[in-house]
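Worksheet for the structure shown next.
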Amino acid sequence: MSIAAVLLAAGAGTRFMGATHKLRAPFRGSTVVQHALAGALEARLDATYVVVGAVELRDLIPEGVIVVQNHSWELGQATSLRAGVFVAENDGHDAVVVGLGDQPLIGAGVWQVVAQCSGDLVTAVFGDSRSPPVKLGAAVWPLLPISGDAAARVLMQMSPERVMEVLCEGEPIDFDTLEDLKPWG
Numbered sequence: 123m124s125i126a127a128v129l130l131a132a133g134a135g136t137r138f139m140g141a142t143h144k145l146r147a148p149f150r151g152s153t154v155v156q157h158a159l160a161g162a163l164e165a166r167l168d169a170t171y172v173v174v175g176a177v178e179l180r181d182l183i184p185e186g187v188i189v190v191q192n193h194s195w196e197l198g199q200a201t202s203l204r205a206g207v208f209v210a211e212n213d214g215h216d217a218v219v220v221g222l223g224d225q226p227l228i229g230a231g232v233w234q235v236v237a238q239c240s241g242d243l244v245t246a247v248f249g250d251s252r253s254p255p256v257k258l259g260a261a262v263w264p265l266l267p268i269s270g271d272a273a274a275r276v277l278m279q280m281s282p283e284r285v286m287e288v289l290c291e292g293e294p295i296d297f298d299t300l301e302d303l304k305p306w307g
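The C-terminal residue of the sequence shown carries number 307 in this note's numbering, and the numbering is unbroken.
Set out below in structure tokens:
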């Protein structure tokens, strides 16, 4: 089975209110999105994709990572998820593990644990909360929502019997505002 990492990094980040877009914000010697991408890359899945849209990020993405442009990013996160899945499917992958560009504290171990679980719909669980990354097998790709910000969450709500939870360690915090970032920077 071929499994790809897909990092969603296409949103406008309008709540951040910082001097720069939240994904370009400085974080521990690089940027938020570079830290999030590092976890995916260190997991060494079969390929790594970054879905971009609202802001230019190509200068922050290393060679070998496939950049997917989402021209419909304004229609919600579901469009980014579908864009990443579409390219991964065309490249011959059987599943994707999807993470968020504003979750820089998700390490490689979490990506790997989620990827290694059997099943077509696997979510990381931190404490008692579900959070990306989420594994989506090819069997569920046709069921993905077309628009909106819930994306994989909608799929889990529609098909709870398919969901496999895997306990993970780490900090699943996503940085939506500058205040979210300050304690961790």
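Glycine included, C-beta positions come from ideal geometry on N, C-alpha and C.
task: For residue 148, write down the residues that DSSP places opposite it in a beta bridge.
output: The partner list for residue 148 (beta bridge, DSSP) reads 153.
message: So, at 8 Å on beta carbons, what are the nonlocal neighbours of residue 209 in its own chain, with the 5 sequence-adjacent residues on each side left out?
response: Excluding residues within five positions, the ones whose Cβ falls inside 8 Å are 171, 188, 190.
- prompt: If you count every other CB in all the chains shown that lies within 10 Å of the CB of residue 207, and 16 or more means buried, which is it?
  reply: Buried, by the Cβ-count rule.
query: In the structure shown, what three-state DSSP assignment does residue 245 receive?
result: Correct three-state label for residue 245: strand.
- prompt: Under 9 Å between the Cβ atoms of residue 130 and residue 273?
  reply: In this structure, residue 273 lies closer than 9 Å to residue 130 by Cβ.
query: Based on the DSSP output, what are the partners of residue 286 in its beta bridges?
result: Partner(s): 244.
task: For the region 222-230 and the region 260-276, state whether three or more C-beta atom pairs, one from each stretch, are separated by less than 8 Å.
output: Inter-segment contact for the region 222-230 and the region 260-276 is absent: fewer than three beta-carbon pairs are separated by less than 8 Å.
message: Within a Cβ cutoff of 8 Å, which residues of the same chain sit near residue 185, ignoring the five residues on either side of it in sequence?
response: Taking C-beta separations shorter than 8 Å and ignoring five residues to either side along the sequence, residue 185 has no partners in its chain.
query: Can you pull the DSSP bridge partners for residue 253?
result: For residue 253, which the question treats as bridged, DSSP gives the partners 246.
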